[in-house]
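Chemist: One structure coming up, written as structure tokens, with questions to follow.
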Amino acid sequence: MKPKSALNRREFVKKMIYGGLGGAAGIAGLHFLTRKKTPQYNVLLIIADDLRPQLGCYGETQMKTPNIDRLASQSIVFDHSYCQVALCAPSRACLLTGLRPDSTHIIDLNHRVSEMVPNHMTLPGVFKKNGYLTLSAGKVYHHGNDDMASWSEEPFKIKGKDYCSDYWKEIASLNIKNHSGDESYGGPPFEKTDVPDNFYKDGKVADYVCKRLTKIKNNPFFYGVGFIKPHLPFNVPRRYWEMYDPSSLKLPSNSKPPVDAAELSLADFQELRKYYGIPEEKHSLVPEEMTRQLIHGYYASVSFLDAQVGRVLDALETSGLSKNTIVILWGDNGFKLGEHGNWCKHSNMEDDTRVPLIIRVPGLTDRGRHSGGFVESVDIYPSLCELCDLDLPNQNMEGTSFVPLLETPARSWKKRYSVNTSGGNHRC
Ligand SMILES: [Ca+2]
């Protein structure tokens, strides 16, 4: 990075954050001024599964997402953030290695970072090397046993079911039986239940993280927290469904595939077709009433996710850790909700590849702003290293730190981004 005036980039960021250059950021950073040592940020990386920017803070005024919106009000919200592959495992691999798919060689669900780039230091790995306590809860890597050496503790995972009703289980069993025992088939694509949040996996993950945060004392930490909503099936408590009036939900205006579109440009949403009640025939469209129910379920799942994020952010605040913790909220890939007559992810359409990215850096982003600059998931690794004053490992790194956009959100920036097509198993 080229020096900025007499200061290099790292010195400039420190000055901005810790008050040396004055202004709003400087005032917010006054509490650091009396420290003799450079203060260390903690990092809380919150990952959501299949969350497109369907949030109030992205202008989606119909959404009930007060907790993420509150985070956004103290953050830079990136309006044009793109994943590198619209599929869980390869997208997460890009964030966690800072490498593009051409270098990780991961474009499906069947490969782990530890196998494909075994000598590459990962994002949690670089924090661990620098003395941070590195923690993982829920779905961070796609494979829960990937990159185990980079965590200070055994990752917290919830195994087993994520449905409540016997009906869901019975239908799933029937659907599997009807497809020659193929266990990738499931029950209905949603359920509405009267259970507490922590009946479901994400509620349990939030419970665990809230407690674990209270036990962190003097260690700087890097905490990866992965929630699995709003991923299918949209199984969440009824109260989240009741936040939305189904009759007022807008259906997609472009509900048919583009005329003469190449077949490869749209996936055939096999992921959704494996749920009971969805037309299985190739290229068949989802009926309007089911479309409305699925959109309703996605919105309910986003609000359920928002509630779990809110609980974790509240725990961070209560524990006194919020003032020096960077919080990032990121979605691993987008999701189509009937646009182009299509569903889920797996293609390179805008709805598949554009993802939410919100970052709060105490003292730097307190006023809350949007940035329209292109950013990519591979950029997160070098950005966090810069913000935390960690040297990048001496290895191939393919992202660009977006810290200049945190300082000046409207500045000119990248003119392009890149995505790769996913391949292989399309279940998740
Ligand atoms: Ca995903």
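For what it's worth, the numbering used here labels the leading residue of the sequence shown as 838, then goes sequentially. C-beta: ideal position from N, C-alpha, C; glycine also.
1. Check this for me: beta carbons of T959 and L933, under 7 angstroms apart or not?
2. Mind listing, in chain order, the continuous beta strand (DSSP E) runs of no fewer than 3 residues lying wholly within the stretch 952-990?
3. Taking 6 angstroms as the limit between beta carbons, can you name the residues of its chain near T780, skipping five residues before and five after?
4. Are N1170 and C920 close, meaning C-beta to C-beta below 7 angstroms?
5. For the candidate residues F1064, I1053, A1137, G1063, whose alpha-carbon lies nearest to that of M900?
6. Is the Cβ-Cβ distance between H979 and A926 less than 7 angstroms?
7. Apart from the five residues on each side of it in sequence, which residues of its chain come closer than 6 angstroms, Cβ to Cβ, to R1253?
8. Between the Cα of G1236 and those of Y895, S1140, C931, I905, spot the shortest distance and give me the residue it belongs to.
9. Measure the alpha-carbon distance for E1352 versus C1181 and round it to whole angstroms.
10. Just reading off the alpha helix (DSSP H) that S918 is part of, what are its end residues?
11. With respect to the beta strand (DSSP E) encompassing L936, which residues constitute its N-terminal and C-terminal limits?
12. Taking 6 angstroms as the limit between beta carbons, can you name the residues of its chain near D1034, skipping five residues before and five after?
13. Can you tell me the Cβ-Cβ gap for S1208 and F915, rounded? I've got them flagged as a contact below 8 angstroms.
14. Is it the case that the Cβ atoms of D906 and V950 are separated by a distance below 7 angstroms?
15. Thinking K1111 and S1021 are a contact (beta carbons under 8 angstroms), I'd like their distance in whole angstroms, please.
16. Specify, as a first and last residue, the run of the alpha helix (DSSP H) that L1194 falls within.
17. Measure the CB-CB distance between L882 and G1147 and report whether it falls below 7 angstroms.
18. Taking the alpha carbon of E1223 as the reference point, which residue from R1204, I1163, E1176, S1249 has its own alpha carbon closest?
19. With respect to 6 angstroms, is the separation between the Cβ of C931 and the closest non-hydrogen atom of ligand 1 below this value?
20. Could you spell out the range, first to last residue, of the alpha helix (DSSP H) harbouring N904?
21. Following the continuous beta strand (DSSP E) through I884, name the residue where it begins and the one where it ends.
22. Within the same chain, show all residues whose beta-carbon is closer than 6 angstroms to that of C894, passing over the 5 residues directly before and after it, in chain order.
23. Run through DSSP, which three-state label would H1207 get?
24. From the DSSP output, in three-state form, read off V1256 for me.
Modeler: Put simply:
1. Yes, Cβ-Cβ distance for T959 and L933 is below 7 angstroms.
2. Counting only runs of 3 or more, we get 970-975.
3. Past the boundaries of the shown model lies residue 780; the chain is included only from 838 to 1265, so the question cannot be answered.
4. Yes. Within cutoff.
5. Answer by Cα proximity: A1137.
6. Yes, the Cβ-Cβ distance between H979 and A926 is below 7 angstroms.
7. Cβ-Cβ distances below 6 angstroms link R1253 to nothing in the same chain once the five nearest sequence neighbours on each side are left out.
8. Per the C-alpha coordinates, the member of Y895, S1140, C931, I905 positioned closest to G1236 is C931.
9. Past the edges of the chain, shown from 838 to 1265, lies residue 1352, and the structure says nothing about it.
10. For S918, there is no enclosing alpha helix (DSSP H); the enclosing beta strand (DSSP E) covers residues 913-919.
11. Counting along the chain, L936 falls outside any beta strand (DSSP E), and DSSP gives it neither H nor E.
12. Answer for D1034: G1040, listed in chain order.
13. The distance from the Cβ of S1208 to that of F915 is about 5 angstroms, consistent with a contact at the 8 angstroms cut-off.
14. Against a cut-off of 7 angstroms, the Cβ pair of V950 and D906 comes out as no contact.
15. The C-beta separation of K1111 from S1021 comes to about 6 angstroms, placing the pair in contact by the 8 angstroms criterion.
16. Counting along the chain, L1194 falls outside any alpha helix (DSSP H), though it belongs to the beta strand (DSSP E) covering 1194-1197.
17. No, the pair does not count as a contact, with Cβ atoms beyond the cut-off.
18. With respect to the C-alpha of E1223, the residue from R1204, I1163, E1176, S1249 having the closest C-alpha is I1163.
19. Outside the cutoff, so no.
20. In the DSSP assignment, N904 falls within the alpha helix (DSSP H) that extends over 903-909.
21. Following the DSSP letters along the chain, one finds I884 inside the beta strand (DSSP E) bounded by residues 879-885.
22. Answer for C894: D906, A909, V914, listed in chain order.
23. Assignment of H1207 by DSSP, reduced to helix, strand and coil, places it in the strand class.
24. In the three-state scheme derived from DSSP, where H, G and I count as helix and E and B as strand, V1256 is classed as coil.
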